[in-house]
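Asker: So the sequence shown is residues -23 to -1, 1 to 693, counted in mature numbering (1 follows the signal peptide of the UniProt record, and there is no 0).
Here it is: the structure, laid out below.
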Amino acid sequence: MRSMVNCRWALIAVLMTCASAFAQDDLDFLLTPEQGQPSQTPSPDAPAAVPEAEAESAEASPPPPAAPVPEAGPDTAGGSVEPAAAAPARRRPSSRLVEEIIVTAQKREENLQNVPITVQAFSAERLDAMGITTQEDLPLVTPGMTVTNTSGFSIVYIRGVGSDTFLMGDPNVATYIDGVYLPFAALQAGQQFGLDRIEVLKGPQGTLFGRGANGGAVNIITKRPSLTESETEFQIGFDSFNTIEAKLFTSIPVTDTVAFSLSTLYKSGDHWYDEDSRAGGEPLPKISSQSARLKLLWAPTERLDVTLSFLKSLEQGTSSGLQGNCEPSLLARLVGIRPQCGYTVENDVPVFAHTNNTIYSLSSTWNTDWFDVKVLGSYQNQEPSGLFIDFDGAPQPVAYFGTKNGAINRVDTAEFQLVSNENSWGADWLRWNAGFYWVQWDARLDPVFLALAGLDLSTGVENATISLPPGLVDLLDALLEPLLGFGVPSGQIRLVGANTLNSRALYFQATADLSERFALTVGARAQDETRYLDESSSGLGDTNVDPVVFIQRYTGQKRNVRSLKPKVTLEFRPDPGLELMTYASFQQAIKGSQYNLINIYDPPEEIEPEEMDAYEIGIKWSPFGGLATFNAAAFWYEITNLQVQFVSLLQGGAVTQENAGGARNRGFEFDALVPLFPNTIDNLILIANGTYLDAVYTEYKNGSGFDPVTGLLQTG
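Structure follows, in structure tokens:
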């Protein structure tokens, strides 16, 4: 393995050396033969230099008439005067991979190479060129990032910082679409379509992007309707497993001030397991996605625009429970589970994940003579969705967890921003942002069921091992309800978890140019966050889905967390002509407290906030007149009360969280893009990037985990 790695990096080194040599040859046309320095030929609009001794007389008298440019001929010294040769125009490759990208990583439009943050940004054209169609594909071109899909929920890690609590927990990498924060992972897993660009911001982004951004942020910008011209784009693609994907984008101006756009996506395909696989005795369902986004733009003046957006997304497929148990533990083998490896799988219950998501959003920008005013708001709704997971991954009825329509999430967000512009006071040396942010998130699993040994007497799950005929269940219900107030118990454990988050924040960030070479950025975010425990209960379900007997029930708790987290960044540019910037930054970030809501017999345990101190140094270089880019960074994170998670049937079968005392993440990364022949072959581009990560627990007392042999949960 070591030799393979060494060969790989040796090959990259050789390619980069060749790229440097070719690029140097292509750069020679910018240098004069005598001096080997960049040509200083002024532009036609630039004024000619005037010697200081002649400046005053030039102001006192009118300029003489312009003399004609002499042709080649003898000069006064006996030589010949050649006409000045114009410097050849710099040719920029037309490849989709070489482009100047404007990003909003600091909530203002800036050139990517001028932002003192590790950012990788991809335009829609570049994503198409590299075959990136989903958020799960981004790690292919973004080192240090991992994206997985669990039952239709996106799990994102950047530089080793992330979270697996996809059902009820907060992410550690914030996802934004057109400035709207998506706290719930199911709204992030869909296919990407109608894009303008995607920005991946690495490292904590708590000052401007707020909660859920300890590991970084994914900023998705979709296409804006055009007021001047119509545009229609259609793409269709075919892939393995009978997969078909179609995308449509159209933008139509209605009047001089009104335009709308429509983006749609359809994707359908088979699962990668073979046709003999079964879940609940039935063939596996197709995996499909259907999404539509409608935007309406109104720009009554040059200074004001308002955009209304509507997004509908449907996802159908199989959950993470559809997997063969290839290496069952000793405990699993004792209950009869045999290994299932390869491309054929069988589960004893239907294993599916269905989501139905809707987002309404509004954004408005008003450009004043003092600053820009931006207002954003959204209403996000995950309608009742279904999820079934087979824990044992086997045809034997050991345990499953799921809900037919009990997964519900509703989110309201609002943000008010003030952003400096070119007319602001001190605009030539000062740039700043200030804002207020609010989010309310109501998350519920109401109800979900945990079934053991295939026992399902009344709730109607197909292929249950132990069940009663439906007619008998109806008869018993009619007899028992008048006497006892409830019908036939299902034998399943009925669980409810519900909480509400209310978070408010004020933030400010300013960058001041201390000199031509130094710039200083300072910022801070003050946050007041309250999490309410609406309900955490367990009981036995009956045919009316109401609990028969409560095992435990808790309501009415709450936890308030207030914080003030700073940020400081120092930039240094040795020489503006070098297109080189170095930076060093320090910032703090926080991820709020949470509750373990799904429990059979334990009270809902409170999880402490996760906090981190982050240090980073970096370099951004655009050599050869900006034709190439080379960026590198080193980072060091100290994390306190790291929120970790595990899954245990004894605690309800859902994700359970706890705090590790501390962790440390450190590493470095680089990203290089070099056109090999910028004057001849546009599309031959060398891209080299990589990340080294070293992440360890520094304190984890009384940690929970599973014995790899027996499969039993252990603590301590």
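C-beta atoms are modelled at their ideal positions from N, C-alpha and C, and glycine is treated no differently.
Roughly how many angstroms lie between the CA atoms of Ile577 and Ser513, to the nearest whole one?
Answerer: In the sequence shown, residue 577 corresponds to position 600, counting from 1. In the sequence shown, residue 513 corresponds to position 536, counting from 1. For Ile577 and Ser513, the distance between alpha carbons rounds to 9 Å.
Asker: For a test of the three-state rule: what should DSSP assign to Glu458, helix, strand or coil?
Answerer: Sequence index remark: in the sequence shown, residue 458 carries index 481 (1-based). Of the three classes helix, strand and coil, the one that applies to Glu458 here is helix, per DSSP.
Asker: Looking at C-alpha atoms only, which residue of Trp418, Asn324, Ser340 and Gly354 is the closest neighbour of Tyr377?
Answerer: Here residue 377 refers to the residue found at position 400 of the sequence shown. For Tyr377, the nearest C-alpha among the options comes from Asn324.
Asker: How is Asp511 classed by DSSP in three states: helix, strand or coil?
Answerer: Residue numbering aside, residue 511 sits at position 534 when the sequence shown is read from its first letter. In this structure, Asp511 counts as strand in the three-state DSSP scheme.
Asker: Below 8 Å, can you find three or more Cβ-Cβ pairs linking the stretch 136 to 152 to the stretch 179 to 186?
Answerer: Yes, the stretch 136 to 152 is in contact with the stretch 179 to 186.
Asker: Under 7 Å, do Ile567 and Lys542 count as touching if we go by C-beta distance?
Answerer: As a working note, residue 567 is residue 590 in the sequence shown. As a working note, residue 542 is residue 565 in the sequence shown. Taking 7 Å as the Cβ cut-off, Ile567 and Lys542 qualify as a contacting pair.
Asker: Does residue 745 come out as helix, strand or coil in the three-state DSSP assignment?
Answerer: The requested residue 745 does not occur in the structure, where the chain is confined to residues -23 to 693.
Asker: Can at least three beta-carbon pairs, one atom from the stretch 415 to 422 and one from the stretch 386 to 395, be found at a separation below 8 Å?
Answerer: Flag = yes, the stretch 415 to 422 and the stretch 386 to 395 touch.
Asker: Can we count Gly193 as close to the ligand SAH, meaning its CB is less than 6 Å from some heavy atom?
Answerer: As for the ligand SAH, it is missing from this structure, which has no ligand bound.
Asker: Taking its Cβ as the centre, do 16 or more other Cβ atoms sit within 10 Å of Pro685, making it buried, or is it exposed?
Answerer: Your numbering for residue 685 matches position 708 in the sequence shown. Exposed, because fewer than 16 other Cβ atoms sit within 10 Å of the Cβ of Pro685.
Asker: Would a C-beta distance cut-off of 7 Å place Gln622 and Val632 closer than the cut-off?
Answerer: Locating residue 622 in the sequence shown gives position 645, where the first residue counts as 1. Locating residue 632 in the sequence shown gives position 655, where the first residue counts as 1. Yes; because the gap between Cβ atoms is below 7 Å, this pair is in contact.
Asker: Can you name, in chain order, every residue of its own chain whose Cβ lies under 7 Å from the Cβ of Gly214, other than the five neighbours on each side?
Answerer: As a first step, residue 214 is located in the sequence shown; it is residue number 237 there, counting from the start. Correct list, in chain order: Glu222.
Asker: Please name the residue or residues paired with Ser341 in a DSSP beta bridge.
Answerer: Within the sequence shown, the letter at position 364 stands for residue 341. In the DSSP output, where bridge partners are listed per residue, Ser341 has Val283 and Val352.
Asker: Closer than 8 Å by C-beta to Gln691: which residues in its own chain qualify, once you throw out the five before and the five after it? Chain order, please.
Answerer: Taking the sequence shown and counting its residues from 1, one reaches residue 691 at position 714. Closer than 8 Å at the Cβ level, and outside the excluded window around Gln691, lie Ser681, Gly682, Phe683 and Asp684.
Asker: Ignore the nearest five residues each way along the sequence and tell me which others in Gly121's own chain have a CB closer than 7 Å to its CB.
Answerer: Stepping through the sequence shown from its first residue, residue 121 is reached at position 144. Counting only Cβ-Cβ distances below 7 Å, and skipping sequence neighbours, we find Ile135, Arg136, Lys179, Glu646, Thr668 and Leu670.
Asker: Tell whether a beta-carbon distance below 7 Å holds between Lys224 and Phe170.
Answerer: By one-based count along the sequence shown, residue 224 stands at place 247. By one-based count along the sequence shown, residue 170 stands at place 193. Yes, the pair counts as a contact, with Cβ atoms nearer than the cut-off.
Asker: Applying the 10 Å Cβ sphere with the 16-neighbour rule, what's the burial state of Ile664?
Answerer: Numbered from its first residue, the sequence shown carries residue 664 at position 687. With fewer than 16 Cβ atoms within 10 Å of its Cβ, Ile664 is classed as exposed.
Asker: Under the three-state reduction of DSSP, which class applies to Glu31: helix, strand or coil?
Answerer: For the purposes of this step, residue 31 is taken as the residue at position 54 of the sequence shown. Low per-residue confidence applies at Glu31: pLDDT is 39, beneath 50, and the placement is therefore not dependable, though the value from the model is reported in the following sentence. Helix, per DSSP.
Asker: With 16 as the cutoff for other CB atoms within 10 Å, does Arg530 come out buried or exposed?
Answerer: On the sequence shown, residue 530 is found 553 positions in, with the first residue counted as 1. Result: exposed.
Asker: Check each candidate in Pro316, Leu274 and Arg188 and name the one with the smallest Cα separation from Ile229.
Answerer: Walking along the sequence shown from the start, residue 229 turns up at place 252. It is Leu274 whose Cα lies nearest to the Cα of Ile229.
Asker: I'd like the list of long-range same chain contacts for Gln564, defined as Cβ closer than 6 Å, with 5 residues on each side in sequence excluded.
Answerer: Looking up residue 564 in the sequence shown gives position 587. Cβ within range, chain order: Pro181, Lys544 and Ala591.
Asker: Evaluate Thr110 with the Cβ neighbour count: other Cβ atoms within 10 Å of its Cβ, from every protein chain shown; 16 or more gives buried, anything less gives exposed.
Answerer: Translated into positions along the sequence shown, residue 110 becomes position 133. When all chains shown are included, Thr110 counts as buried.
Asker: Count the C-beta pairs between the stretch 189 to 204 and the stretch 549 to 563 that are closer than 8 Å, then say yes if the count reaches three, no if not.
Answerer: No: the two stretches stay apart, fewer than three of their Cβ pairs being nearer than 8 Å.
Asker: Could you pull the DSSP bridge partners for Glu323 from this structure?
Answerer: Looking up residue 323 in the sequence shown gives position 346. The partner list for Glu323 (beta bridge, DSSP) reads Arg255.
Asker: What residue range is occupied by the uninterrupted beta strand (DSSP E) comprising Gly412?
Answerer: Position 435 of the sequence shown, counted from the first residue, corresponds to residue 412. Where Gly412 is concerned, the enclosing beta strand (DSSP E) stretches over Leu407 to Leu429.
Asker: Quick one: what does DSSP say Pro685 is sitting in, helix, strand or coil?
Answerer: Translated into positions along the sequence shown, residue 685 becomes position 708. Pro685: coil per DSSP, three-state reduction.
Asker: Would DSSP call Met589 helix, strand or coil?
Answerer: On the sequence shown, position 612 is the one that residue 589 refers to. Three-state result, Met589: strand.
Asker: Which stretch, first to last residue, makes up the alpha helix (DSSP H) that contains Phe186?
Answerer: Numbered from its first residue, the sequence shown carries residue 186 at position 209. From DSSP, the alpha helix (DSSP H) with Phe186 extends over Gly183 to Phe186.
Asker: Considering only the alpha carbon of each residue, which of Ser140, Leu117, Val118 and Asp147 lies closest to Asn479?
Answerer: The sequence position of residue 479 within the sequence shown is 502, counting from 1. Checking every option, the nearest Cα to that of Asn479 belongs to Asp147.
Asker: Grab me the residues of Thr617's own chain with a C-beta within less than 8 Å of its C-beta, minus the 5 sequence neighbours each way, in chain order.
Answerer: Locating residue 617 in the sequence shown gives position 640, counting from the first residue. The answer, listed in chain order, is Glu587, Glu588, Met589, Gly638 and Gly639.
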